[in-house]
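Sequential numbering from 59 applies to the sequence shown in this note's numbering. Worksheet: one structure, shown below.
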Amino acid sequence: MTGRWVLHFDMDAFFASVEQLTRPTLRGRPVLVGGLGGRGVVAGASYEARVFGARSAMPMQQARRLVGVTAVVLPPRGVVYGVASRRVFDTVRTMVPVLEQLSFDEAFGEPPELAGASAEQVERFCAQLRTRIREETGLTASVGAGSGKQIAKIASDLAKPDGIRVVRRDEERALLAGLPVRRLWGIGPVAEEKLHRLGIDTIGAFAALTEAEAADILGGTVGPALHRLARGIDERPVTENSPAKQISAESTFAEDLTTLEQVRDAVGRIGEHAHARLRKDGRGARTVTVKIRRSDMSVLTRSATLPSATTDAATLLATARRLLLDPRDVGPIRLVGVGFSGLSEVQQESLFPDLELLAEEVSSTRLPPTVGKPTETAPSWRIGDDVSHPEYGHGWVQGAGHGVMTVRFETRGTGPGPARTLPADDPRITRANPVDSLDWPEYVAGLQALA
């Protein structure tokens, strides 16, 4: 294993970078991607926004205050990120055949041709790969390289943004030694607290323990494994992941839920957690399932299948809420789960989420399905919506209100485009597929042919 080189690829500020790629006017501007409501969370921040202190997982209101009036806030477009991710890693696979993809913006690889290579040869390989990604997609990646996954991941973090970091064998121990112990793969808050109580704050301090001491602190299985990583010994292979068939989240409550309001609140929180996993996965879901376990331990499940796969949070969570059962009808509820299945990499963003509950399959121990009637009112225009105009082409909504809307007509291929102010009810404006903003018609057609 001494001659192996593992690479870690990490796309730079991926969500925000895709927005800047497909909406060229935003290049060089502080972009925040995430929920627009009062409880919204930042899903991605451009480097221009990060200099103000904005970051992923931060409350959107806090990020907006930090960045100020120059912030551009957009809702996530999961379908666009999914297609962009697919093309990035299709490009990577031309040079690195086997990838262990962690999410749709990062992956490990271990190119066979680099076995036994010098650090200089590895750096040239990484430079060539990054150039190919940029030329093929217009996006930037940071690449780290080391003797195993642990070092490669740390190296790519050091390479950001838009760089390469190759860690030589004789550098590894010194690099690890000075890092906080939390940076070690597998050290979570509980393990970190145990180590801190013993005065072990760095990876180097943890590595200085004996294997028996590590086992005493963190357990007989986990402790020795983490101790090996702390000493730079990482023989974990790079292997292809089998894609999950379902993504879900569930929670058991300390006290049974007895009102519909309690269940609705629980489904919202659990559904948001499941959606965050879905967004990280990079695929869209076509089927939504709600699971409840009653106080007598019996389980009821209800599911609804949409016309097409989507990552749109509003659509998926609204569908989950439609499937709720009232504790007054079924009895006290001790567990609630939300699952997404029918996963697909080729998705259509929700155009009319209130009309999408078209089919439902219900399995239940007692109750028949009940589904509310959908409304027929299309949603109003919001900032970030993709639209099309017969004369101006593809664009996105920059602002809307008081009966008018401002649309910036541009795509990746057009470069920065003009802004037009139009009546909000202009019949020439129609909703567009967000994927069209990538302007990769041949690539997208190929994906659809494979679907």
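Here a beta-carbon is modelled for each residue, glycine too, at the ideal position from N, C-alpha and C. Note that the structure is predicted; figures quoted are calculated from it, not measured.
Problem - Coil, strand or helix - Ser-134 by DSSP - result: Inspection of the sequence shows that residue 134 is occupied by Pro rather than by Ser. The answer is coil: DSSP assigns Pro-134 none of H, G, I, E or B.
Handout entry: Inter-residue Cα distance where the pair is Ala-112 and Met-69
Key = 18 Å
Exercise for the section: Would you decide whether Glu-434 is buried or exposed? Buried here means 16 or more other CB atoms lie within 10 Å of its CB. Expected result: Because the pLDDT of Glu-434 is 38, which lies under 50, any placement of that residue in the model is unreliable, and the question is left without a value.
Problem - Distance between Val-465 and Leu-393 (C-alpha atoms, nearest Å) - result: 45 Å
Practice task
With DSSP as the reference, label Leu-413 as helix, strand or coil.
Solution key: Low confidence applies to Leu-413: its pLDDT is 32, below 50, so where it sits in the model is not reliable enough to give any reading.
Problem - Exposed unless 16 or more other CB atoms sit within 10 angstroms - verdict on Leu-132 - result: buried
Practice task
In the DSSP assignment, find the alpha helix (DSSP H) that holds Ile-209 and state where it starts and stops.
Solution key: Ile-209: member of the alpha helix (DSSP H) spanning 207 to 217, first to last residue.
Practice task
Output the residue ranges of the alpha helix (DSSP H) runs that lie fully inside the stretch 183 to 270 and measure 4 residues or longer, sorted by chain position.
Solution key: 207 to 217, 230 to 235, 247 to 255, 261 to 265
Exercise for the section: Give the C-beta separation of Arg-344 and Ser-438 to the nearest angstrom, bearing in mind that I take them to be a contact with Cβ-Cβ under 8 Å. Expected result: About 26 Å separates the two Cβ atoms, so there is no contact after all.
Handout entry: the stretch 489 to 509 contacting the stretch 85 to 102, beta-carbon criterion three pairs below 8 Å
Key = no
Practice task
Assign Arg-62 to buried or exposed, taking buried as 16 or more other Cβ atoms, counted over all protein chains shown, within 10 Å of its Cβ.
Solution key: buried
Handout entry: the stretch 95 to 109 in contact with the stretch 232 to 241 per 3-pair CB rule at 8 Å
Key = No, the stretch 95 to 109 is not in contact with the stretch 232 to 241.
Handout entry: Segments assigned beta strand (DSSP E), at least 3 residues, entirely inside the stretch 312 to 386
Key = 343 to 352, 357 to 368
Exercise for the section: Taking Met-153 as part of the alpha helix (DSSP H), name the residues at either end of that continuous run. Expected result: Where Met-153 is concerned, there is no enclosing alpha helix (DSSP H), because DSSP gives it neither an H nor an E.
Handout entry: Other residues of its chain near Ala-177: CB distance less than 6 Å, five sequence neighbours each side excluded
Key = Val-224, Arg-226
Problem - Residue nearest to Gly-96 in terms of C-alpha spacing, selected from Ala-74, Ala-232, Gln-120, Glu-271 - result: Gln-120
Problem - Boundaries of the alpha helix (DSSP H) in which Ala-165 is found, first to last residue - result: No alpha helix (DSSP H) contains Ala-165, which is instead part of the beta strand (DSSP E) from 164 to 167.
Handout entry: Neighbourhood of Arg-424 by C-beta, 7 Å cutoff - its chain only, sequence neighbours within 5 removed
Key = A caution first: Arg-424 carries a pLDDT of 35, below 50, which makes its placement in the model unreliable, though a value can still be read off. Excluding sequence neighbours, Arg-424 sits near nothing in its chain.
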